[in-house]
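Each protein sequence line maps, in turn, to chains Y and V. The first sequence begins at -6 in our numbering and counts up one residue at a time. The second sequence begins at -6 in our numbering and counts up one residue at a time. Heads up, the thing below is written out as C-alpha cells.
There are 2 protein chains.
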Amino acid sequence: MKLDTSFDWHEPGLTIGEVSRRSGVATSAIRFYEANGLLSSDRTAGNQRRYHGDVMCRLAMIEACQRVGLTLAEVRDALAPLPPRHAPTPEDWKVLAERLRTEAQSRIDQLSQVLRELAPQ
Amino acid sequence: MKLDTSFDWHEPGLTIGEVSRRSGVATSAIRFYEANGLLSSDRTAGNQRRYHGDVMCRLAMIEACQRVGLTLAEVRDALAPLPPRHAPTPEDWKVLAERLRTEAQSRIDQLSQVLRELAPQ
DNA sequence: CTAGAACTTCAACATTTGTTGAAGTCAACG
DNA sequence: CGTTGACTTCAACAAATGTTGAAGTTCTAG
C-alpha cells in the first residue's frame, strides 16, 4: 500500500523528445510551458532536460484546461500546489480536479444564463 | 402575434458610445468585432455607425462564449446564421443556444474525462 | 452657426501563446 | 573516439485579440 512516487535519482527520466512523442505536444511548447512555470525538470550534467512522473499528467491538464478557456496563467496557478517532478498523489488530483471542474462548470453556467436571458422560454 | 423586429429606418439606432456604455465593452473592441464580422451596423450620412436590436445580444454572446474557450472565429461562425442588424427571433436563439450549450458542455466533458483518467477513483 | 463632445480611420503598440531557425553542445552507438 | 541525431539557448517571427493615440470629421446643444 506504499505507492511511492517520490523522485528516484537512479531513474533516468524522459527526454523532451520522448515526452513530445508520447504526448503529441511540440517540444517548443513544452519548453515554453516550463519557462512559464507549468512544468519542471531536472538537468543532466550536460544541461539537458529530464522529465519525471508528473509531466504527462500536467500536459494533459494544460491541453484540457485551455480548451475550456483557462489561460496558461490560470493553469499555472491551478497546477502550482502539485509537487514538482513527481507524479501527484491521488489526493492531490482529487482536490485539483474538483477545483477545475467547478471553475469550468461555472463558466458554462454563465454562458447558459446569458443564453437563457437572451432566449427566454 | 406579429413580432416584427425588421429594420425600421425611422429609428435612429444606437451610437457606438451608447452601445459601449450599456454593454461595458470598449468601443475599440466593438469596432474590432465589427471589422471581423461578428457585428454589423448601418452608417449615417456622415459615416458614423448606428447599431440595432441585435447588438446587445451579440455582445453578451461573444463575452460568454470567449469565457468557455471559443475563439472569435468560432463565435463568428456561430452568430453567422442570425439576421444582421435585427433582433433575432426566439427560434433563431433556440437553435444557436442549443449548439453553443452542446459545444461548451462537450469541452467540459473532455476536461472531466482527462481528470477522471488522471485521478481515477 | 459654432463649440465641444463624440465619432472616423489608421498605424503603432501590447500580451498571450507559441513556432522556426541558427549556432553550438551532448549523448549514444559502433 | 568519432559521428550523428537529439539536445541547448536565443532571437525573430506569427496569429489572435485587442488598446492607444493622432489627425481629421460629424453631430448636437445652445
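By construction, the Cβ of each residue, glycine as well, lies at the ideal position given by its N, Cα and C atoms.
- Task: Put Y:Thr(-2) into one of helix, strand or coil per three-state DSSP.
- Result: Its pLDDT being 46, under 50, Y:Thr(-2) is placed unreliably in this model, and the value from its coordinates should be taken loosely. In this structure, Y:Thr(-2) counts as coil in the three-state DSSP scheme.
- What three-state label does DSSP hand V:Leu31 in the structure shown? Of the three classes helix, strand and coil, the one that applies to V:Leu31 here is coil, per DSSP.
- Item | chain Y contacts made by the region 56 to 77 of chain V, where a contact means CB separation under 9 angstroms | Glu56, Ala57, Cys58, Gln59, Arg60, Val61, Gly62 and Leu63
- 7 angstroms Cβ cut-off: residues of chain V touching Y:Ala97: Ile101 and Leu104
- Message: Based on DSSP bridge pairs, tell me the residues matched to V:Leu7.
- Response: V:Tyr44
- Message: Quick check: what's the CA-CA separation for V:Met54 versus Y:Leu108?
- Response: 7 angstroms
- Any C-beta of chain V under 7 angstroms from that of Y:Ala53: yes
- List, in order along the chain, the chain Y residues whose C-beta lies closer than 9 angstroms to that of V:Arg94? Result: Ile101, Leu104, Ser105 and Leu108.
- Taking one C-beta from the region 93 to 100 of chain Y and one from the region 53 to 70 of chain Y each time, how about it: are there three or more such pairs within less than 8 angstroms? With the cut-off at 8 angstroms, the region 93 to 100 of chain Y and the region 53 to 70 of chain Y touch.
- Message: Excluding the 5 residues flanking Y:Val61 on each side, which residues of the same chain have their C-beta closer than 6 angstroms to its C-beta?
- Response: Ala97
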